[in-house]
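Just so it is clear: in the sequence shown, position 175 is 175 by UniProt numbering, and no numbers are missing.
Built from N, CA and C at the ideal position, the CB exists for glycine as well.
All values reported here derive from a predicted model rather than from experimental measurement.
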Amino acid sequence: MTRSSGESLFISDLHLAPERPATIELLLRFLGERARQAERLFILGDLFETWIGDDDDAPAYIEVRAALRRLVEAGTHCALMHGNRDFLIGRTFCRETHCQLLKDPTALELGGERVLLMHGDLLCSDDIPYQRFRRRIRNPLVIWLFRRKSLASRRALAANYRRKSGAATSAKAEHIMDVNQNTVVRYLRRYAANRLVHGHTHRPGDHSIDLGGELLHRHVLAQWHEATAEALAYRDGRWYREALV
């Protein structure tokens with residue numbers, strides 16, 4: 001299998017769960033084949049539907065961890081960012097998989113251009129209740145208390161959260177759950193970048209923002225489904241989308 005020098009792949013929002021085996025199989029095939037052709041793989045959040053701790057012993061998750069490790073051992077650098085569903089991924093997971101854990105946001109250079117990587121939930125600044133919840137649930141004390149609970153208790157709490165989250169999301173206006181363009185520009189300015197790659201909104205697309213002669217670019221990653229998936233790729237100065245089947 002030939003590795004493309006300098007190629008980077010970007011994916012997010014796989015929402016892997018034991019009850020979605022087809023999506024897990026799709027990822028395992030991707031990690032064993034297409035991802036090995038790239039120099040770098042960036043997973044920008046919500047790899048898992050929920051992550052209750054690095055001690056989660058679900059067989060499907062053990063298989064995913066092993067596949068990530070094999071990918072890195074085969075020579076592809078893999079970097080992972082927390083999403084709103086799996087922000088409890090920790091050091092043990094990264095040690096087992098050899099994946100690098102990225103901060104949200106993270107800026108990097110690609111082909112001489114500064115690119116900003118984010119999960120994307122911070123960009124949805126119009127959703128004020130969610131932003132408050134995000135700050136509260138990521139409080140170090142809250143995380144510490146949650147991790148002290150038994151695996152069974154954490155699974156029950158996570159299932160309850162998923163039910164409530166689904167109900168809350170369905171009640172919100174569509175525009176509330178999309179990014180705020182002023183917030184997008186503010187983050188790009190803060191990190192001195194002119195290109196942004198993110199997920200979270202499940203609204204894949206490529207956007208340009210014209211600021212009076214200065215052009216900023218935003219790429220939104222696609223959510224994975226049981227039979228369809230997509231990666232954003234960068235190679236030799238070109239950005240393009242690739243269907244994964």
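(request) Return the CA-CA distance between residue 30 and residue 244, expressed in angstroms with no decimal places. (result) Position 30 of the sequence shown, counting from 1, holds the residue named residue 30. Position 244 of the sequence shown, counting from 1, holds the residue named residue 244. Just so you know, the alpha carbons of residue 30 and residue 244 end up roughly 8 Å apart.
(request) Tell me whether residue 181 sits in a helix, a strand or coil according to DSSP, three-state version. (result) Within the sequence shown, numbered from 1, the residue matching residue 181 stands at position 181. The answer is helix: DSSP assigns residue 181 an H, G or I state.
(message) Going by C-alpha to C-alpha distance, which of 202, 149, 196, 225 sits closest to residue 56?
(response) To locate residue 56, count along the sequence shown from 1; it is residue 56. Proximity to residue 56 across 202, 149, 196, 225 peaks at 149, based on C-alpha coordinates.
(message) Considering just the uninterrupted stretch of the alpha helix (DSSP H) at residue 50, what are its terminal residues?
(response) Position 50 of the sequence shown, counted from the start, is the residue given in the question as residue 50. Careful: residue 50 lies outside any alpha helix (DSSP H) and carries neither H nor E.
(message) Going by C-alpha to C-alpha distance, which of 39, 86, 37, 33 sits closest to residue 67?
(response) Within the sequence shown, numbered from 1, the residue matching residue 67 stands at position 67. The candidate whose alpha carbon is nearest that of residue 67 is 33.
(request) With distances taken Cα to Cα, identify the nearest neighbour of residue 78 among 35, 59, 203. (result) The residue you call residue 78 lines up with position 78 of the sequence shown. Nearest option by C-alpha distance: 35.
(request) Could you pull out every residue in the same chain whose Cβ sits closer than 6 Å to the Cβ of residue 223, ignoring the five residues on either side in sequence? (result) In the sequence shown, residue 223 corresponds to position 223, counting from 1. Taken in chain order, the residues that qualify are 13, 202.
(request) Can you give me the Cβ contacts of residue 65 inside the same chain, cut-off strictly under 6 Å, excluding the 5 residues immediately before and after it? (result) Translated into the one-based positions of the sequence shown, residue 65 becomes position 65. So the qualifying residues of the chain are 96, 97.
(request) Measure from the alpha carbon of residue 105 to the alpha carbon of each residue in 16, 206, 83, 90, then state which is nearest. (result) Here residue 105 refers to the residue found at position 105 of the sequence shown. Checking every option, the nearest Cα to that of residue 105 belongs to 83.
(request) Look up residue 219 in the DSSP assignment and say whether it is helix, strand or coil. (result) What you label residue 219 is simply residue 219 of the sequence shown in a count that begins at 1. Residue 219: strand per DSSP, three-state reduction.
(request) Count the CB pairs spanning the region 224-234 and the region 8-24 that are closer than 8 Å, and state whether there are at least three. (result) Contact between the region 224-234 and the region 8-24 is present, because at least three Cβ pairs lie under 8 Å.
(request) Compare the beta carbon distance of residue 9 and residue 231 with 7 Å and say whether it is the shorter of the two. (result) In the sequence shown, the residue the question calls residue 9 occupies position 9. In the sequence shown, the residue the question calls residue 231 occupies position 231. Yes; because the gap between Cβ atoms is below 7 Å, this pair is in contact.
(message) On the DSSP letters alone, give me the boundaries of the alpha helix (DSSP H) that residue 147 sits inside.
(response) Within the sequence shown, residue 147 is the residue found at index 147, counting from 1. Its alpha helix (DSSP H) spans residues 140-147.
(request) Taking residue 138 as the reference, give the member of 89, 40, 75 with the closest Cα. (result) Reading the sequence shown from its first residue, position 138 is the one you call residue 138. When only C-alpha atoms are compared, the closest one is 89.
(request) Enumerate in chain order the residues of its own chain whose CB-to-CB distance from residue 28 is below 8 Å, with the five nearest sequence positions on each side excluded. (result) In the sequence shown, residue 28 corresponds to position 28, counting from 1. If we look at residue 28 and ignore the five residues flanking it on each side, its Cβ neighbours are 63, 64, 67.
(request) With a 10 Å radius around its C-beta and 16 neighbouring C-beta atoms as the bar for buried, classify residue 45 as buried or exposed. (result) Counting from one through the sequence shown, the residue named residue 45 turns up at place 45. Sixteen is the threshold: when 16 or more other Cβ atoms of the shown chains lie within 10 Å of the Cβ of residue 45, as they do, the residue is buried.
(request) May I ask you to list the residues that DSSP assigns as paired with residue 197? (result) Looking up residue 197 in the sequence shown gives position 197. According to DSSP, which records beta bridges pairwise, residue 197 is partnered with 117, 219.
(request) Compare the C-alpha of residue 73 against each of 40, 159, 181, 174 and name the closest. (result) Here residue 73 refers to the residue found at position 73 when the sequence shown is read from its first residue. Closest by alpha carbon: 40.
(message) Measuring only the C-alpha atoms, how far is residue 157 from residue 75?
(response) Looking up residue 157 in the sequence shown gives position 157. Looking up residue 75 in the sequence shown gives position 75. About 38 Å.
(message) On the DSSP letters alone, give me the boundaries of the alpha helix (DSSP H) that residue 133 sits inside.
(response) Here residue 133 refers to the residue found at position 133 of the sequence shown. Residue 133: member of the alpha helix (DSSP H) spanning 128-137, first to last residue.
(message) Using C-beta distances below 6 Å, list every residue in its chain close to residue 178, excluding the 5 sequence neighbours before and after it, in chain order.
(response) One-based indexing of the sequence shown puts residue 178 at position 178. In chain order, 201 place their CB closer than 6 Å to the CB of residue 178, counting only its own chain and leaving out the 5 sequence neighbours on each side.
(request) Thinking residue 53 and residue 136 are a contact (beta carbons under 8 Å), I'd like their distance in whole angstroms, please. (result) On the sequence shown, residue 53 is found 53 positions in, with the first residue counted as 1. On the sequence shown, residue 136 is found 136 positions in, with the first residue counted as 1. The C-beta distance from residue 53 to residue 136 rounds to 19 Å, too long to meet the 8 Å contact threshold.
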